[in-house]
Amino acid sequence: MKRVFGTLFVAGFICCMTLMIAGTAQAAAELEGLNLEKKQLVVHRGYTKAAKSCIECHSQKTPGIIENWKNGKMGHATVSCYDCHVVEKDSPMASQCEGLRGTNIYTSPMVSSKTCSKCHPREVEQFLTSAHARLAGNPLLENKKMMALMYHNEGAGFLGVEEGSPANRASRASGCQMCHGTQVELGADNKPINETWPGGVGTRYPDGSIGTCTVCHTRHQFAVSEARKPEACASCHLGPDHPNIEIYEESKHGQIYNAHGEKWNFEAAPDTWEPGDYDAPTCAVCHMSGIGELTTTHNITERLKWNLVHKRSEIRSKERGDGVKGDILMRKVCKNCHSTLHTNATMDTLDNAVALYNVYWDKAVAMKKELASKGLLKEDAWKDGFQELMYYLWHHTGRRARQGAAMNGPDYAHWHGFFQIFQVVKDMEDIYKYRLEKGKIEELSTVMNGGPV
Ligand code: HEC
Ligand code: HEC
Ligand code: HEC
Ligand code: HEC
Ligand code: HEC
Ligand code: HEC
Ligand code: HEC
Ligand code: HEC
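Under our numbering, think of the first position of the sequence shown as 756, with each following residue one higher.
The structure is reproduced here in structure tokens:
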């Protein structure tokens, strides 16, 4: 929505007209193209014969997909099954769906960001430079420590479950990979094999392409209005280790979204979605959407200063972005609705919370170093109370404190955050002193899964 007062009414009027025209045209197209009464689709124009055949047969075989697609803007713009699922015969992902056997049309159930880039190159380019792309897949595919966590520990390798067996992989397949993504592997029929597809945001495809665009605007509606709501992020950004949706819910911004959100306009065109369409920011407003002088970005790393997920928070650089620039951009977001005074007070408090957390972390590192030099650490960190607590320090309580401070969730900053941090560090201090005094490691883990989970 435009913010200049004089043009508000006129702009609003023109906007309504366009909506009405678009609405009527859309309804007409729907009535003409889709014979809804018979619960069967008969498409008269706008599609080639082959593209039509997908829709007609799939309206019988997978009606849910057709219904979703039909309701989306791309469906209305006649971007169809054919545009996204038909591939060249020599594509590494080419196979044939049941209804196409014996024809010369090849399809793939896998659709990566590369397919979208045919028509949305800018969004894909931005996405690929963000941590939602390659970095999201790294922990599952390139990090040896994580392999040990996923297979030896969570997959019960230590209880004798065969490494690489379906049961061994089940924890990763049902958990990590649905958020992070994985490498898709193909079977003899060139279709993806179990436990490798579907996957999360950083999924890597057999043709080398990266990224599942539909984690935020889900298939087959692909609605921008959905991606603008906090629920779009909540399927991954939640829980004890990155409670972003919980923090949002308890923030004033979340309070306002919950109180008035249903009246907001989530349909505005890209880069015209502005305060007035909404009263308080959603995740997308702060991290992605165009607002004021900022334009929409699919690079969620761009507006960040700190790396709040990691053991020690530093100002971002290199593959983690540009923290100095990120800070400037994020403050610009706030200033659309807050004074400079308010923005600086809040954002400076985040810097101080990071500094405080880092003090705790540095203390833990110093203690660990000394214990290590005296041979007073167990090899298996998960059977060693000191190391278990150290994990919870940064991965759970420490992230909650920092992210609570970043996104204005006082309960997470405090009760789930700093309040637990000081206790964890005091317990670590006790174990540390005990080991130094006795010159040995206590026999049983003193944590025994009683950590601040
Ligand atoms: C704008 C692109 C796009 C269009 C148009 C599209 N799809 Fe998809 N489709 C996707 C994406 C993305 C996925 C998820 C692929 C992945 O995770 O690798 C998908 C997945 C699927 C799947 C496999 C998942 C499941 O739930 O079984 C089927 C089947 C499918 N689409 C059928 C269709 C049909 C039928 C149409 C036509 C009405 C269609 N698609 C139109 C992008 C598209
Ligand atoms: C004559 C019916 C028919 C036609 C025509 C047809 N399909 Fe299918 N398609 C099916 C059936 C049946 C399935 C399997 C559904 C299931 O697994 O339950 C399927 C499955 C799929 C899948 C899921 C992956 C797979 O290989 O099983 C995709 C993607 C797909 N079709 C896309 C298309 C596209 C794109 C077209 C048009 C070029 C098309 N289909 C035309 C009947 C058809
Ligand atoms: C063949 C070209 C084409 C391909 C391929 C394509 N799109 Fe689109 N897309 C369009 C067009 C055209 C529109 C504009 C529709 C409109 O606003 O009327 C659009 C609009 C959109 C929108 C905005 C919808 C809204 O609610 O305003 C999203 C989101 C989107 N596409 C995502 C995707 C994703 C994700 C993929 C890949 C899985 C993809 N597109 C592949 C052509 C394409
Ligand atoms: C519910 C979705 C979800 C599940 C399940 C999940 N993660 Fe994550 N993970 C995330 C999100 C979201 C972040 C980013 C959090 C942030 O930046 O605050 C993340 C961050 C990470 C990071 C830090 C990323 C970096 O670039 O340094 C690692 C490592 C990681 N996860 C590994 C794993 C592993 C391994 C598993 C399974 C054993 C797993 N995750 C399960 C959602 C998930
Ligand atoms: C992290 C969530 C998320 C992911 C992943 C995502 N999008 Fe979006 N997308 C959004 C949001 C939020 C908007 C609306 C931005 C705004 O307010 O204008 C959007 C808007 C769009 C639009 C409308 C035009 C625009 O730029 O605003 C297109 C097209 C689009 N996305 C395509 C894609 C494609 C292609 C991918 C995969 C590379 C993708 N999206 C991945 C959240 C996402
Ligand atoms: C399918 C799961 C998924 C969804 C949905 C999702 N994310 Fe993420 N997000 C992740 C993962 C995984 C990471 C960690 C990437 C890494 O390893 O560094 C992440 C990281 C981030 C980061 C930190 C980036 C960085 O550079 O460290 C931000 C900010 C973020 N996401 C914002 C969002 C927003 C906003 C939305 C919704 C519009 C969203 N995400 C939706 C999985 C998801
Ligand atoms: C009022 C604006 C605002 C809203 C709303 C908001 N965030 Fe944030 N977010 C921030 C700020 C500020 C930071 C810290 C930036 C920095 O690094 O200095 C942050 C940090 C993050 C991070 C941590 C990235 C890292 O360093 O590891 C993730 C992940 C994230 N936000 C996801 C979300 C999700 C998901 C939502 C919605 C549930 C959301 N944010 C809502 C402003 C916001
Ligand atoms: C779309 C407008 C909008 C944006 C953008 C926005 N806020 Fe807010 N914010 C509000 C509103 C409205 C309130 C509720 C004020 C009240 O409690 O009466 C609020 C409340 C707050 C509060 C609670 C304290 C208070 O003032 O009562 C904090 C802290 C805050 N915002 C910080 C930020 C930060 C930091 C950013 C940028 C990263 C930001 N906001 C971006 C609209 C916005």
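Where a beta carbon is used, it is the ideal one built from N, C-alpha and C, also for glycine.
Please read these numbers as outputs of a predicted model, since none were measured by experiment.
Quiz item: With respect to 7 Å, is the separation between the Cβ of Arg959 and the closest non-hydrogen atom of ligand 1 below this value?
Solution: On the sequence shown, residue 959 is found 204 positions in, with the first residue counted as 1. Answer for Arg959: no, Cβ out of range of ligand 1.
Quiz item: Would you say the beta carbon of Cys871 comes nearer than 7 Å to a heavy atom of ligand 6?
Solution: Within the sequence shown, the letter at position 116 stands for residue 871. Outside the cutoff, so no.
Quiz item: Cα separation between Gly912 and Glu918?
Solution: Reading the sequence shown from its first residue, position 157 is the one you call residue 912. Reading the sequence shown from its first residue, position 163 is the one you call residue 918. In a straight line, the C-alpha of Gly912 is about 6 Å away from that of Glu918.
Exercise. Assign Cys874 to one of two classes, buried (16 or more other C-beta atoms within 10 Å of its C-beta) or exposed (fewer than that).
Key: Counting from 1 along the sequence shown, the entry for residue 874 is found at position 119. Of the other Cβ atoms in all chains shown, fewer than 16 fall within 10 Å of the Cβ of Cys874; this residue is therefore exposed.
Quiz item: Cβ of His1097 within 7 Å of any heavy atom in ligand 6?
Solution: In the sequence shown, counting from the first residue as 1, residue 1097 sits at position 342. Checking every heavy atom of ligand 6 against the Cβ of His1097, none is found closer than 7 Å.
Quiz item: Mapping DSSP to helix, strand and coil, what is Arg1071?
Solution: Working through the sequence shown from its first residue, we reach residue 1071 at position 316. Annotated three-state conformation of Arg1071 is coil, per DSSP.
Quiz item: Would a C-beta distance cut-off of 8 Å place Gln1158 and Ile1002 closer than the cut-off?
Solution: Here the question's residue 1158 lines up with position 403 in the sequence shown. Here the question's residue 1002 lines up with position 247 in the sequence shown. Contact flag set, yes.
Quiz item: Should Ile1046 be counted as a contact of ligand 6 given a C-beta to heavy atom distance under 7 Å?
Solution: Start at 1 with the first residue of the sequence shown, and residue 1046 comes out as number 291. Annotation for Ile1046 indicates a beta carbon at 7 Å or more from all heavy atoms of ligand 6.
Self-check item: Continuous alpha helix (DSSP H) stretch holding Glu880: start and end
Solution: The residue labelled residue 880 in the question sits at position 125 within the sequence shown. It spans Pro876 to Leu883 - the alpha helix (DSSP H) in which Glu880 sits, taken as one unbroken run.
Practice problem: Tell me whether Ser1044 sits in a helix, a strand or coil according to DSSP, three-state version. | Solution: In the sequence shown, counting from the first residue as 1, residue 1044 sits at position 289. If DSSP states are grouped into helix, strand and coil, Ser1044 belongs with coil.
Quiz item: Whose C-alpha, out of Arg983, Gly955 and Ala943, is nearest the C-alpha of Ala888?
Solution: Taking the sequence shown and counting its residues from 1, one reaches residue 888 at position 133. Of the candidates Arg983, Gly955 and Ala943, the one whose C-alpha sits nearest the C-alpha of Ala888 is Gly955.
Self-check item: Pair within 8 Å by beta-carbon distance, Arg1229 and Lys1060
Solution: With the chain represented from 756 up to 1208, any question about residue 1229 goes unanswered, as that position is not in the structure.
Practice problem: Assuming Tyr837 and Ala886 form a contact by the criterion Cβ under 8 Å, report the distance between their Cβ atoms to the nearest whole angstrom. | Solution: Along the sequence shown, one-based indexing puts residue 837 at 82. Along the sequence shown, one-based indexing puts residue 886 at 131. Contact between Tyr837 and Ala886 is absent: CB atoms are separated by about 33 Å, not below the 8 Å threshold.
Quiz item: Quick one: does the C-beta of Cys1041 sit closer than 7 Å to a heavy atom of ligand 7?
Solution: As a first step, residue 1041 must be located in the sequence shown, where it is residue number 286. Yes, the Cβ of Cys1041 comes within 7 Å of a heavy atom of ligand 7.
Quiz prompt | In chain order, each alpha helix (DSSP H) run of at least 4 residues that lies wholly inside the stretch 869 to 929 | solution = When DSSP assignments are scanned along the stretch 869 to 929, the uninterrupted stretches of alpha helix (DSSP H) that are 4 or more residues long and fall wholly within it turn out to be 876 to 883, 889 to 896, 899 to 902 and 921 to 929.
Exercise. Give a yes or no on contact between the stretch 979 to 990 and the stretch 959 to 969, applying the rule of three or more CB pairs nearer than 8 Å.
Key: Taking 8 Å as the limit for Cβ pairs, the verdict is that the stretch 959 to 969 does not touch the stretch 979 to 990.
Quiz item: Are Tyr1115 and Ser1068 touching if we call contact CB-CB under 8 Å?
Solution: The count along the sequence shown starts at 1 and reaches residue 1115 at position 360. The count along the sequence shown starts at 1 and reaches residue 1068 at position 313. Cβ distance not < 8 Å, so Tyr1115 and Ser1068 don't count as in contact.
Quiz item: Do Thr1052 and ligand 8 come close, with the Cβ less than 7 Å from some heavy atom?
Solution: For the purposes of this step, residue 1052 is taken as the residue at position 297 of the sequence shown. The closest heavy atom of ligand 8 lies 7 Å or more from the beta carbon of Thr1052.
Quiz prompt | Reduced DSSP category for Leu1131 - H, G, I as helix; E, B as strand; rest coil | solution = On the sequence shown, position 376 is the one that residue 1131 refers to. In the three-state reduction of the DSSP assignment, Leu1131 falls in the coil class.
Practice problem: Counting only the same chain and skipping the five closest in sequence on each side, list residues whose C-beta sits under 6 Å from that of Gly1130. | Solution: Along the sequence shown, read from residue 1 onward, the residue named residue 1130 stands at position 375. Nothing meets the Cβ criterion.
Exercise. May I ask you to verify whether the stretch 1131 to 1138 touches the stretch 1194 to 1201, counting CB pairs closer than 8 Å and requiring at least 3?
Key: Yes: at least three Cβ pairs fall under 8 Å.
Exercise. Take Cys852 as the anchor and find which of Ile965, Asn945, Cys991 and Arg1075 has the nearest alpha-carbon.
Key: By 1-based counting over the sequence shown, the position of residue 852 is 97. Distances from the CA of Cys852 to each of Ile965, Asn945, Cys991 and Arg1075 were compared; the closest alpha carbon is that of Asn945.
Practice problem: May I have a chain-ordered list of the alpha helix (DSSP H) segments no shorter than 4 residues that lie completely inside the stretch 999 to 1026? | Solution: Annotation: the stretch 999 to 1026 contains the following complete segments of the alpha helix (DSSP H) (minimum length 4 residues), in chain order: 999 to 1005 and 1007 to 1015.
Quiz prompt | Beta carbon of Arg1155 nearer than 8 Å to that of Pro998 | solution = Numbered from 1 along the sequence shown, position 400 holds the residue referred to as residue 1155. Numbered from 1 along the sequence shown, position 243 holds the residue referred to as residue 998. In terms of Cβ geometry, Arg1155 and Pro998 form a close pair [threshold 8 Å].
Practice problem: Work out the CA separation of Ser867 and Gly957 for me, nearest whole Å. | Solution: Position 202 of the sequence shown holds residue 957. Position 112 of the sequence shown holds residue 867. One C-alpha to the other measures close to 10 Å.
Exercise. Confirm, please, whether the CB-CB distance from Ser863 to Ser1246 is below 8 Å.
Key: Residue numbering for the chain in the displayed model covers 756 to 1208; residue 1246 lies beyond these limits and cannot be assessed.
Self-check item: Nearest to Trp1149 (by Cα), restricted to the options Ala1023, His813, His1171 and Val842
Solution: Position 394 of the sequence shown, counted from the first residue, corresponds to residue 1149. Considering only Ala1023, His813, His1171 and Val842, the residue with the shortest C-alpha distance to Trp1149 is His1171.
Quiz item: Any chance the CB of Cys968 is under 7 Å from a heavy atom of ligand 2?
Solution: Here residue 968 corresponds to residue number 213 of the sequence shown, with the count starting at 1. Incorrect: Cys968 has no Cβ contact closer than 7 Å to ligand 2.
Quiz item: In terms of residues, what are the limits of the alpha helix (DSSP H) holding Pro1036?
Solution: Counting from one through the sequence shown, the residue named residue 1036 turns up at place 281. Careful: Pro1036 lies outside any alpha helix (DSSP H) and carries neither H nor E.
Quiz item: Hey, would you say Asn1163 sits closer than 8 Å to His1008, going by beta carbons?
Solution: For the purposes of this step, residue 1163 is taken as residue 408 along the sequence shown, with counting starting at 1. For the purposes of this step, residue 1008 is taken as residue 253 along the sequence shown, with counting starting at 1. Yes, these two residues count as a Cβ contact at 8 Å.
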